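Read through the structure below, which is laid out as structure tokens, and then see the notes.
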Amino acid sequence: MAIQHLSAIENMLSQMRAVAQAASSTPSSAKSTVVNNGGFAAELARSLDRVSTLQNDSAAQGRAFQMGAPDISLNNVMIDMQKASIAFQATVQVRNRLVAAYQEIASMPV
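The sequence shown begins at 1350 in our numbering and counts up one residue at a time.
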């Protein structure tokens, strides 16, 4: 179950990275604006990296707790896992809204 959940998370993150990469491949005139202020694509990439780091850290901490590491408490493991879960759920909601906005814009008559 946990491995299946992690593969679903990794799949979602890879999809969002692909969207961020596609968003960052803008025309040269718009690209200079993106580079100067970071832009949406850069912020999206940073957010994805933060979510990925939270998930990887919480998974590593959970494994360390299972192995009996004396410096890791169950409370900290549970809190970190919840933080990672909430961050992932928020990321999924952002992706859903981005997809809905894209579909709405794509369906507009030109």
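Beta carbons are placed, not taken as given, at the ideal position from N, Cα and C, and that holds for glycine.
Source: prediction; values computed, not measured.
For V1400, the uninterrupted alpha helix (DSSP H) segment begins and ends at G1388 to Q1415. Shown here, I1421 sits in coil according to DSSP, grouped into three states, outside any helix or strand. Shown here, S1363 sits in a helix according to DSSP, grouped into three states. Residue environment for L1393: buried (at least 16 other C-beta atoms within 10 angstroms of its C-beta). Spatial neighbours of G1411 in its own chain (CB-CB distance under 7 Å, excluding positions within 5 residues in sequence) are listed in chain order as V1426 and M1430.
Contact annotation: L1403 and A1433 have beta-carbon atoms nearer than 8 Å. Distance from the CA atom of F1414 to the CA atom of L1423, rounded to whole angstroms, is 7 Å. As the crow flies, the alpha-carbon of A1390 is around 9 Å from that of R1366. Distance from the CA of A1455 to the CA of G1388, rounded to the nearest whole angstrom, comes to 22 Å.
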